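These notes are about the structure you will find just below.
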Amino acid sequence: PDIGGGYGPYRQSERYEIYREHASQRIAQGSAFRCFCSADELASQSEAGIMKLGFVGGGIMGEAMLTAAIQAQFAVPEDITVSDISLDRRLYLQKEYGITVTDVNEDAINGADLAVLAIKPQDMNRAMQSVKGTIQPDQLIMSIAAGLRLETLQEILKHDAIVRVMPNSPARVGQGISA
3 PDIGGGYGPY RQSERYEIYR EHASQRIAQG SAFRCFCSAD ELASQSEAGI MKLGFVGGGI
63 MGEAMLTAAI QAQFAVPEDI TVSDISLDRR LYLQKEYGIT VTDVNEDAIN GADLAVLAIK
123 PQDMNRAMQS VKGTIQPDQL IMSIAAGLRL ETLQEILKHD AIVRVMPNSP ARVGQGISA
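This is how it looks when you write it as structure tokens:
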């Protein structure tokens, strides 16, 4: 089945082909689109260091997503960086998960394979302005901000490989569904 997605240089990258292949296999198996591949495949990919995550925003939903990524062995804590405006929140996330934290949004997404914009819609414009010059052509950007059209994100970030995901509150306990 065609899972769509991917644009420009990202679509042509080896990383895109790996994710596309695994996603197609999971869909063909009738599995929920919870992860791209089996736990064993995820663990070997993480050990190989091919999935680095950067989060702009370390609030409740950002934390839920990074927790799920670690638990599913989609990424290891050493390969996750989170930026947040709150020093207390950064210190908590660093202590709780062993991840890298920063107050500079650009540092969070620099070198990330997947950059997650996990901030409230009212803060999105300022955050996008701060990172738009940092995004590399082969990076995939994920936004969880409600109410922002894909076209708006692409226009502001000057980037095409962007997906919107709408997680729900059960994601906080690892039982969420995203559309």
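All residue numbers for the sequence shown refer to the numbering used here, where the first residue is 3 and numbers rise by one. The beta-carbon is built from N, C-alpha and C at its ideal position, and this holds for glycine as well. As the structure is a computational prediction, the values presented were derived from the model and not from experiment.
Taking the C-beta atoms as reference points, Glu80 is found no nearer than 9 Å to Thr104. Contact annotation: the stretch 134-144 touches the stretch 154-163, with at least three C-beta pairs closer than 8 Å.
If you draw a straight line from the Cα of Ile87 to the Cα of Ala110, it comes to about 12 Å. Between the stretch 57-66 and the stretch 113-124 there are three or more inter-stretch CB-CB distances shorter than 8 Å, so the stretches are counted as touching.
In this structure, DSSP gives Gly64 a helical state, which the three-state scheme calls helix.
Using a Cβ distance threshold of 9 Å, Val106 and Leu95 do not count as a contacting pair. Distance from the CA atom of Val58 to the CA atom of Ala163, rounded to whole angstroms, is 17 Å. Counting along the chain, no beta strand (DSSP E) covers Met126; the unbroken alpha helix (DSSP H) around it starts and ends at Pro123 to Val133. Spatial neighbours of Ala114 in its own chain (CB-CB distance under 8 Å, excluding positions within 5 residues in sequence) are listed in chain order as Lys54, Leu55, Gly56, Thr83 and Gln141. Rounded to whole angstroms, Ile143 and Arg91 show a C-alpha spacing of 23 Å.
From the listed residues Gly60, Tyr99, Leu93 and Leu89, the smallest Cα separation to Ile72 is found for Tyr99.
Bridge pairing for Gly113: absent [DSSP].
The C-alpha of Pro169 is placed about 15 Å away from the C-alpha of Gly60. Here DSSP, grouped into helix, strand and coil, assigns Arg166 to strand. The three-state reading of DSSP puts Leu93 in helix, counting H, G and I together.
Short of 6 Å from the beta carbon of Val165, and not among the five residues preceding or following it, lie these beta carbons of its own chain, in chain order: Met144.
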